[in-house]
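Asks: In my numbering, each residue's number is its place in the sequence shown (first place is 1) plus 4. Ideal Cβ positions, reconstructed from N, Cα and C, are used throughout, including at glycine. My questions all concern the structure below.
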Amino acid sequence: MGQNESASLGPDVPPAKLEARTLEAVSKYIKKGKAKKIVVLTGAGISTAAGIPDFRSPGTGLYNNLKRLNLPYPEAVFDIDFFRKHPEPFYVLAKELYPGKFFPTISHAFIALLAHKKLLSKLFTQNIDCLERRAGVPESLIIEAHGSFATQRCIECKSEFPEKEMQEHVDAGIVPRCGKKKCKGLVKPDIVFFGEGLPIEFTLNTHLAREADLILVLGTSLTVYPFAGVADMPPRETPRVLFNREQVGNMGKRPDDVLELGPCDQGIRRLARLLGWSRELDQLWRGKVGDQEAARQLGTQETLEEEIEELDDEIVEKMAEGLQHLDLKDTENETLAEGEEKESLTYKKEEASGSESKDDAKIQDETAKAKEGVEDTRKGSGEVVGKENKEVEAETSHRKEKKETDTKEIPK
Numbered sequence: 005m006g007q008n009e010s011a012s013l014g015p016d017v018p019p020a021k022l023e024a025r026t027l028e029a030v031s032k033y034i035k036k037g038k039a040k041k042i043v044v045l046t047g048a049g050i051s052t053a054a055g056i057p058d059f060r061s062p063g064t065g066l067y068n069n070l071k072r073l074n075l076p077y078p079e080a081v082f083d084i085d086f087f088r089k090h091p092e093p094f095y096v097l098a099k100e101l102y103p104g105k106f107f108p109t110i111s112h113a114f115i116a117l118l119a120h121k122k123l124l125s126k127l128f129t130q131n132i133d134c135l136e137r138r139a140g141v142p143e144s145l146i147i148e149a150h151g152s153f154a155t156q157r158c159i160e161c162k163s164e165f166p167e168k169e170m171q172e173h174v175d176a177g178i179v180p181r182c183g184k185k186k187c188k189g190l191v192k193p194d195i196v197f198f199g200e201g202l203p204i205e206f207t208l209n210t211h212l213a214r215e216a217d218l219i220l221v222l223g224t225s226l227t228v229y230p231f232a233g234v235a236d237m238p239p240r241e242t243p244r245v246l247f248n249r250e251q252v253g254n255m256g257k258r259p260d261d262v263l264e265l266g267p268c269d270q271g272i273r274r275l276a277r278l279l280g281w282s283r284e285l286d287q288l289w290r291g292k293v294g295d296q297e298a299a300r301q302l303g304t305q306e307t308l309e310e311e312i313e314e315l316d317d318e319i320v321e322k323m324a325e326g327l328q329h330l331d332l333k334d335t336e337n338e339t340l341a342e343g344e345e346k347e348s349l350t351y352k353k354e355e356a357s358g359s360e361s362k363d364d365a366k367i368q369d370e371t372a373k374a375k376e377g378v379e380d381t382r383k384g385s386g387e388v389v390g391k392e393n394k395e396v397e398a399e400t401s402h403r404k405e406k407k408e409t410d411t412k413e414i415p416k
């Protein structure tokens, strides 16, 4: 788990808008208010923690698990021509994936939090599980590029089929058919099968990706077009962040691409910590899934990895603080040394000046006393007074000469 510099970009290629190609820089970019139109792209990888298998993971992916249905090829379960002849395999799969059995992940909750903070421009998802809706992302902000289980209709007359009846048929393992007497066509959830076109809403909203100031790509292989092309629509200088187990598509080939490789939820939690949103995110998520499901999704191993991540972040922060402290300490030491040197010179000068002041004070004091003595002996002869005055003046002159000699001997 962690950040990787793009293999296509060397360290000598500076970012255009971010301070660095790191999640820390992304968090600063958001906190400074530079990301007000965030577009999110999601794939099956954000739902694996919920218990829904992705499509292509070796050994655990959905296509791998479909082998037991004896399909001519795994993707046939989503092929419209195959469905017309053999709808049963799809409804075996639908029973396992149907909404209501699974809960949103922390990644889903993060997208909902972006919406609550008015930062989400649009969510483009390949997923058909409706977990974005269950997490609290407004339906108006969701583009389900490959459709979803949210609605269903007859593939012949296009009449809508009641949700309650659809649920009953799926639970019972019965293929639903149109209720109109003259139709009786097969009913299919509004999921885009191979051989069908994408919803018009997808095409009408791709311009939002071009206008975005930040692109977040979560848990998708970026192999299925035209969905995968949305990630490349923004200008080259628009920051893009990939949360995925491996580098995919063209992610990592632009100056402001950040690769956060590993489980989506761990990368999202780390970004939330850097943004200062951890508590808010956790409360939102647990409010949707409950503590029991939260504990199940986290699991002992993931909890341990989360703690390790937090410790890593703390260590990095402490090291940065330590280096800054050392720099300040060096500056302080240099300043202190200069100060001590100046203080030493000042002290010597003050000592000399102090000695001079003391001598002057002593001379002035003795002179005053001598003058007092003169006043007291005014009744004496003028010769005595004159003599005393001369003696005082001589003593004063002698002390001043001595003081000047002593001062010259003190180094400045």
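1. Quick one: measure Cβ to Cβ for A276 and F114, integer angstroms, because I've assumed they're closer than 8 angstroms.
2. If I measure Cβ to Cβ from V179 and keep anything under 6 angstroms in the same chain, skipping five residues before and after, which residues do I get?
3. Indicate whether Y33 and P238 have their beta-carbon atoms separated by less than 8 angstroms.
4. State the DSSP-derived secondary structure class of S31, mapped to helix, strand or coil.
5. How would you call V17, buried or exposed, if buried means at least 16 neighbouring beta carbons within 10 angstroms?
6. Please determine, among R157, L118, Q251, H150, the residue with the shortest C-alpha to C-alpha distance to G140.
7. What span of residues does the alpha helix (DSSP H) with D175 cover, start to end?
8. In whole angstroms, give me the CA-to-CA distance for Q287 and E169.
9. Which whole-angstrom value describes the C-beta separation of I110 and L285, a residue pair presumed to lie in contact below a C-beta threshold of 8 angstroms?
10. What residue from E167, H173, R181, R138 has the CA that sits closest to C158's CA?
11. Let me confirm a value: I195 is counted as buried when at least 16 other C-beta atoms fall within 10 Å, else exposed. Which label applies?
12. Please give the ranges of any beta strand (DSSP E) in the region 230 to 297, keeping only runs that are unbroken, at least 3 residues long and fully inside the region.
13. Can you name, in chain order, every residue of its own chain whose Cβ lies under 8 angstroms from the Cβ of R240, other than the five neighbours on each side?
14. Given a cut-off of 8 angstroms, decide if F198 and E79 are closer than it, judged by their beta-carbon atoms.
15. For A213, count neighbouring Cβ atoms within 10 angstroms of its own Cβ and tell me buried if that reaches 16, exposed if not.
16. Relative to the C-alpha of T26, which candidate in G271, G280, E297 has its C-alpha closest?
17. Could you give the C-beta distance for I132 and H112, rounded to a whole number, given that I count them as a contact under 8 angstroms?
18. Please confirm whether K35 and D217 have their CB atoms less than 8 angstroms apart.
19. Candidates L246, L13, L73, E164: which alpha carbon is nearest G2's?
20. Taking I132 as part of the alpha helix (DSSP H), name the residues at either end of that continuous run.
21. How many Å lie between Q251 and C161 at the Cα?
22. Which residues bound the alpha helix (DSSP H) around R214?
23. Beta-carbon separation of A53 and D269 under 8 angstroms?
24. Between A154 and E164, what straight-line distance do the alpha-carbon atoms span, to the nearest angstrom?
25. What is the rounded straight-line gap between the Cα of K126 and the Cα of G253?
26. E136 and I147 - do their beta-carbons sit closer together than 8 angstroms?
27. Report the residue from V44, G37, V262 whose alpha carbon sits nearest the alpha carbon of Q130.
28. Starting from the Cα of L97, find the closest Cα among W281, L220, K192, G223 and give me that residue.
29. Would you list the one or two residues that DSSP bridges to T46?
Replies: Inspection of the coordinates gives the following:
1. 6 angstroms
2. P91, Y95
3. no
4. helix
5. exposed
6. L118
7. 167 to 176
8. 34 angstroms
9. 7 angstroms
10. R181
11. buried
12. 244 to 248, 261 to 265
13. A20, R258, P259
14. yes
15. buried
16. G271
17. Not a contact, Cβ separation roughly 14 angstroms.
18. no
19. The chain is shown from 5 up to 416; residue 2 falls before or after that span and cannot be answered.
20. No alpha helix (DSSP H) contains I132, which DSSP labels as neither H nor E.
21. 43 angstroms
22. 211 to 215
23. yes
24. 11 angstroms
25. 21 angstroms
26. no
27. V44
28. K192
29. T129, L222
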